[in-house]
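Working notes, beginning with the structure itself.
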Amino acid sequence: MTRPRLDAGDGSGRGLLGEDETWPSTSLRLNGTEDPYSTSVRTERSRSARADLTPRRATGFTLVELMIVITVIGLASAVAVLSLPDRRGRVTDEALKFAARVRAAHDVAVVEASPVSIWVTRGGYGFDRRADGAWSPMTAKPLRVAQWEDGTQAAIPDASGRVRITFDVTGLADRPVELRLTRERASSIVRIGADGTVRVDG
1 MTRPRLDAGD
11 GSGRGLLGED
21 ETWPSTSLRL
31 NGTEDPYSTS
41 VRTERSRSAR
51 ADLTPRRATG
61 FTLVELMIVI
71 TVIGLASAVA
81 VLSLPDRRGR
91 VTDEALKFAA
101 RVRAAHDVAV
111 VEASPVSIWV
121 TRGGYGFDRR
131 ADGAWSPMTA
141 KPLRVAQWED
151 GTQAAIPDAS
161 GRVRITFDVT
171 GLADRPVELR
181 LTRERASSIV
191 RIGADGTVRV
201 DG
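Set out below in structure tokens:
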């Protein structure tokens with residue numbers, strides 16, 4: 001067997017081997033069979049590489065689990081809120097319903113070119129239309145006489161306990177009025193402007 005020369009070379013970069021010599025392969029074969037040690041090393045490296053690519057479950061909650069928990073808490077809170085009595089919501093709903101009917105009466109006065117009035121008392125309200133020189137109750141279902149719901153109190157600005165607002169054929173009101181509805185310490189105010197606008201505050 002010829003030993004490789006271990007000279008330092010001539011500076012040309014050819015290294016320690018001779019011109020026609022090469023190092024033996026690191027994958028040794030014994031009697032035509034691959035070295036078992038080399039095979040074992042490659043197997044361990046392959047397992048390590050696969051382990052690095054396998055996602056590991058971190059300790060604690062995942063993002064999906066946290067989202068589920070937050071959703072459940074939100075639903076429970078919504079159920080709790082809906083189960084509570086909403087005094088303000090109920091009186092506001094009644095104020096909105098009354099305001100919608102007042103707007104409808106305003107529109108009738110303009111479209112039919114006939115004055116329409118709204119009268120309000122502590123017990124309820126109604127709508128009249130001027131025809132043939134006299135006032136007569138309106139018979140359309142949305143504008144029939146209605147009573148306030150149980151527990152609702154209307155603060156009437158007039159000492160007589162009854163107030164009347166009239167819309168002329170142009171939609172203007174003969175007076176501005178603020179009507180406060182109260183129920184169980186919750187209240188809403190319906191404002192009717194001289195220009196015919198109607199809005200609910202509170």
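Sequential numbering of the sequence shown, starting at 1, is according to our numbering.
The beta-carbon is built from N, C-alpha and C at its ideal position, and this holds for glycine as well.
Exposure of L63 is indicated by the presence of fewer than 16 other C-beta atoms within 10 angstroms of its C-beta. For the pair of segments examined, the segment 118-125 was found to touch the segment 147-165: the number of CB pairs separated by less than 8 Å reaches three. Your pair G171 and S187 does not check out as a contact, with CB atoms roughly 28 Å apart and the cut at 8 Å. The shortest C-alpha to C-alpha distance from L96 to any of D195, S114, R129 and R180 is the one to R180.
Each residue's CA atom was taken as its position, placing A173 and I165 some 7 Å apart. In the pairwise beta carbon analysis, the segment 192-199 is classified as touching the segment 93-112: at least three pairs are separated by under 8 Å. If you check the CB distance, V200 and F167 do not come in under 9 Å. DSSP, reduced to helix, strand and coil, places T197 outside both helices and strands of the structure shown, so it counts as coil. Within the segment 82-122, the runs of beta strand (DSSP E) at least 3 residues long that lie entirely inside it are, in chain order, 116-121. Look at V169 here: in three-state DSSP terms it is coil, with no helix or strand label. Assignment of P142 by DSSP, reduced to helix, strand and coil, places it in the helix class. Between L143 and V108, the gap from beta carbon to beta carbon is short of 9 Å. Taken through DSSP and simplified to helix, strand or coil, I189 comes out as strand. Counting along the chain, D128 sits inside the beta strand (DSSP E) bounded by residues G124 to A131. P137 is the residue among D93, P137 and T152 whose C-alpha sits nearest the C-alpha of W119. As the crow flies, the alpha-carbon of E178 is around 25 Å from that of A140.
Per the C-alpha coordinates, the member of D93, Q153, E112 and H106 positioned closest to R185 is Q153. Between V72 and R183, the CB-CB gap reaches or exceeds 9 Å. With a beta-carbon spacing of about 6 Å, R130 and S114 fall inside the 8 Å limit used to define contacts. Beta-carbon to beta-carbon, H106 and G196 are separated by about 5 Å, close enough to satisfy the 8 Å threshold.
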